[in-house]
Amino acid sequence: MRYFIFMDEAWNNKEDQKFALWFLFVPDFIVGYLYDDVVSFYDRAKDISKNIKTIKIKEFIEKGDFESLNNILKSQNSFELKFKNINFTNKDIYKGLIDKLCWSYPLIRYCAFIIDKKYQDKNFSYRDMYIQNAAMCIANNMHDEHEYIFISDSITQPKTEKQKGKQFENYLKSAVEDRLKKKWNRSDNLIGVLRVESHASVLLQLTDTILWSITYFMRKDQGLISSKSIEKKWLVAETLRKKFGDIDFLKSQTVNKPFYLSIRHYYKKS
């Protein structure tokens, strides 16, 4: 069997206490069906966003608020179906996406790896920590008889690292291969690595939506979510939690229904 692996991350905000990586494993023979379903929800949410923008433009014109009008017209941000974009007008669309995912796709696999930053190795740069932990998670979730293509959200490439020959794709692929050689004496299961801007991939956006639905409970527990944000987003996060039998996303665990979900929290050095 062949799999696509989609990966996103959260680690570069100073206020965040956690470093998180999350992975969506999708068998190649269902990836087209999953894409079409996610796009249907994407299109509905995008239409709402477009209508709201049109209404705001009319309001700014009527009020003569040309500064706000100029700002909204020059904005180049493309709509993305991400957890941060859940609001009062589209939350039911995101809930429907979670319902569809859990009902129709038992063969996907989803893994989250979350590290408390105070226990991270100070000898590693953020980028090295990102690469090494990603390689560990990828290798640990691969199987000898399968092949994989890895796609990640784009991250900034430090010039110094590129000058050292540590191009992201090659660096990550090499790190995974090193682990696979130790695991089963071969390293050709990972066919390729590619960075993609998340606005160009609804499956990366789906990966984001699931992960932030999980980490919502951690961020709420840490007091990092405003009361207004809670009102907008709790429905989606709670829908996902209930699909897995009201499990506690704050704890490490693995469940297999409605699809495979593995959550690993790392709190201290081994």
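Take -2 as the starting number for the sequence shown in the numbering used here and just add one per residue.
We put the CB at the ideal spot given by N, CA and C, even for glycine.
The model shown is predicted, which means the values in this text are computed figures rather than measured ones.
For G61, there is no enclosing beta strand (DSSP E), as DSSP marks it with neither H nor E. Separation of D150 and Y168 (C-alpha to C-alpha, rounded to the nearest whole angstrom) is 15 Å. The distance from the Cβ of S210 to that of V173 is about 27 Å, inconsistent with a contact at the 8 Å cut-off. Y123 carries a helical assignment under DSSP once its states are collapsed to helix, strand and coil.
Taking every protein chain shown into account, the CB of W19 has 16 or more other CB atoms within 10 angstroms, so this residue is buried. Taking 3 residues as the minimum length, the beta strand (DSSP E) runs contained wholly in the region 152 to 240 are 187 to 193, in order along the chain.
Here the alpha carbons of S46 and L66 stand approximately 16 Å from one another. Rounded to the nearest whole angstrom, the C-alpha separation of S198 and K60 is 37 Å. By DSSP's assignment, C134 forms no beta bridge with any residue.
Ranking N87, F214, G220, R192 by CA distance to the CA of L237 puts F214 first.
Along the region 21 to 102, the alpha helix (DSSP H) occurs as fully enclosed runs of 4 or more residues at 28 to 60, 63 to 71, 88 to 101, listed in sequence order. The three-state reading of DSSP puts K248 in coil, since its state is none of H, G, I, E or B.
Inter-residue distance for F16 and F110 is about 8 Å (C-alpha atoms, whole angstroms). Contact check between the region 78 to 92 and the region 37 to 57: three or more CB pairs, one atom from each, fall below 8 Å, which counts as touching. Counting C-beta atoms within 10 angstroms of its own C-beta, L94 has 16 or more neighbours from the protein chains shown and is therefore classed as buried. H262 is bridged by DSSP to I111.
The Cβ atoms of M(-2) and H143 lie closer than 9 Å to each other. Within a 10 Å sphere around the beta-carbon of T206 sit 16 or more other beta-carbons, which makes this residue buried. Within the DSSP secondary-structure output, M4 pairs in a beta bridge with F20, S149. A direct Cα-Cα distance of roughly 43 Å separates S184 from G220.
In terms of CA proximity to Q14, K217 leads the group N74, K217, D245.
If you draw a 10 Å sphere on the C-beta of T251, you find fewer than 16 other C-beta atoms in it, and that means exposed.
Less than 9 Å divides the Cβ of V190 from the Cβ of K170. Counting the other Cβ atoms within 10 Å of the Cβ of L70 gives fewer than 16, which makes it exposed.
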